Amino acid sequence: MVATDKLFAGSIPEIYDRFLVPLIFESYALDLAHRIAKTDPRDVLEMAAATGVLRRAMASQLPAQAGIAATDLNQPMLDYAAARQPSDDRIVWKQADALALPFADQSFDVAACQFGVMFFPDKVQAYKEARRVLRPGGRYIFNVWDKISENDFADTVTQALAAVFPDDPPRFLARTPHGYHDVERICTDLKAAGFETISVDAVDGISKAPSPGHPAIAYCQGTPLRNEIEARDASRLQEATKLAAEALALRFGRGTVEGRIRGFVIAATR
Ligand SMILES: C[S@@+](CC[C@H](N)C(=O)[O-])C[C@H]1O[C@@H](n2cnc3c(N)ncnc32)[C@H](O)[C@@H]1O
Numbered sequence: 690m691v692a693t694d695k696l697f698a699g700s701i702p703e704i705y706d707r708f709l710v711p712l713i714f715e716s717y718a719l720d721l722a723h724r725i726a727k728t729d730p731r732d733v734l735e736m737a738a739a740t741g742v743l744r745r746a747m748a749s750q751l752p753a754q755a756g757i758a759a760t761d762l763n764q765p766m767l768d769y770a771a772a773r774q775p776s777d778d779r780i781v782w783k784q785a786d787a788l789a790l791p792f793a794d795q796s797f798d799v800a801a802c803q804f805g806v807m808f809f810p811d812k813v814q815a816y817k818e819a820r821r822v823l824r825p826g827g828r829y830i831f832n833v834w835d836k837i838s839e840n841d842f843a844d845t846v847t848q849a850l851a852a853v854f855p856d857d858p859p860r861f862l863a864r865t866p867h868g869y870h871d872v873e874r875i876c877t878d879l880k881a882a883g884f885e886t887i888s889v890d891a892v893d894g895i896s897k898a899p900s901p902g903h904p905a906i907a908y909c910q911g912t913p914l915r916n917e918i919e920a921r922d923a924s925r926l927q928e929a930t931k932l933a934a935e936a937l938a939l940r941f942g943r944g945t946v947e948g949r950i951r952g953f954v955i956a957a958t959r
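Each residue of the sequence shown is one higher than the one before, counting from 690 in my numbering.
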């Protein structure tokens, strides 16, 4: 992972929330919240909460007395999330690195993370931290994306940008969000951190958008892929987004577009 892969700041939070969340995160948030609610937790920790889509899904599915500590490394993501959500006594927003959680041992019944573990530079250390703050019998419930070839829009955008910058293709999407999909490795890392009972479910979905321009803006401007494009030539961000939209249009059509999307949901018990 390169340093800018974890930088979600500037105009990224707003574009992320507006374009990327409905495209790929909302349906998985409902799925994860449902799995979490079934465990009937009292205290939930969310890591890499970003702009709060899982928190919103949990608020509607968890029992009224359940508390949620929503955390993220990047304060601008939490600021964006907190500003657009009504105040709720059950929620605490806190800046936190998943590798060094600012919580006491055995504080939570569930640790949750939606599509965030891929961003943690030391997976085993992050799993150890999640395990440390879980009560005995508590669950770590999280999801990861499958490889990029199973996720149509991300794959098409990555291929389009390779043609724009042939000497140094921006590989953020393949390297980080879609770079930690080997289920055996994930189980090995969890076991190294002390988790024993682990289950894995593949979850398939369909990404839908009103036009090919939507996923192009979502990925090129609402993720750290933007940092990579701008590092190559900031003046070409709009051109790169347009070429990504054109590649999506050629493959998925010029009206409403639909693409395959695939992730894995992992549950590990302390
Ligand atoms: C793709 S987003 C996660 C998706 C988000 N949970 C959602 O459902 O919208 C990745 C998030 O991981 C956060 N992140 C990156 N490194 C982190 C770390 N070491 N600890 C906690 N959060 C981290 C980023 O700030 C970013 O908000």
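A virtual CB, placed ideally from N, CA and C, is assigned to each residue, including glycine. Treat the numbers as computed from the prediction; the structure is a model and nothing was measured.
Compare the C-alpha of residue i against each of the options and name the closest.
i: N763; options: D777, H867, Q754 and W782; result: W782
i: C876; options: S888, D706 and M736; result: S888
i: D794; options: V806, R821, Q784 and F808; result: R821
i: S700; options: G952, L914 and R951; result: L914
i: P904; options: I780, A929 and T886; result: A929
i: P791; options: M690, D778, T760 and D871; result: T760
i: V853; options: I757, L823, Q927 and I950; result: Q927
i: F708; options: Q910, A881 and A938; result: Q910
i: K897; options: F697, I713 and A843; result: I713
i: H870; options: K812, F884, E818 and D798; result: K812
i: D798; options: R949, Y829, Y769 and L788; result: Y829
i: E703; options: I906, L932, R951 and T845; result: I906
i: L767; options: R724, A785, D777 and Q814; result: A785
i: P810; options: D878, E715 and A849; result: D878
Any idea which residues DSSP pairs residue i with across the strands?
i: C909; result: According to DSSP, which records beta bridges pairwise, C909 is partnered with nothing at all.
i: T958; result: R828 and T886
i: R949; result: I895
i: M736; result: C802
How many Å lie between residue i and residue j at the Cα?
i: E947; j: A748; result: 29 Å
i: S796; j: E735; result: 12 Å
i: A772; j: A957; result: 32 Å
i: A920; j: T865; result: 17 Å
i: A838; j: T847; result: What sits at residue 838 in the sequence shown is Ser, not Ala. Whole-angstrom Cα-Cα distance: 10 Å.
i: K857; j: E917; result: In the sequence as presented, Lys is not what sits at residue 857; that position holds Asp. For D857 and E917, the distance between alpha carbons rounds to 10 Å.
i: P825; j: Q803; result: 22 Å
i: R940; j: Q750; result: 37 Å
i: A726; j: E873; result: 27 Å
i: L823; j: D922; result: 45 Å
i: R841; j: T740; result: Contrary to the premise, residue 841 reads as Asp rather than Arg in this sequence. Distance between the alpha carbons of D841 and T740: 24 Å.
i: D729; j: P752; result: 7 Å
i: W834; j: A938; result: 23 Å
i: I757; j: A746; result: 12 Å
i: F861; j: A934; result: 18 Å
Which ranges would you report for the alpha helix (DSSP H) in the segment 818-876 if only whole runs of at least 4 residues count?
For the segment 818-876, whole alpha helix (DSSP H) runs of length 4 or above, ordered along the chain, are 841-853 and 861-864.
Within the chosen definition, does the segment 887-896 reach the segment 715-732 through at least 3 CB pairs nearer than 8 Å?
yes
Please list the segments of the alpha helix (DSSP H) lying wholly inside the segment 750-817, counting only runs of 4 or more residues, in order along the chain.
764-772
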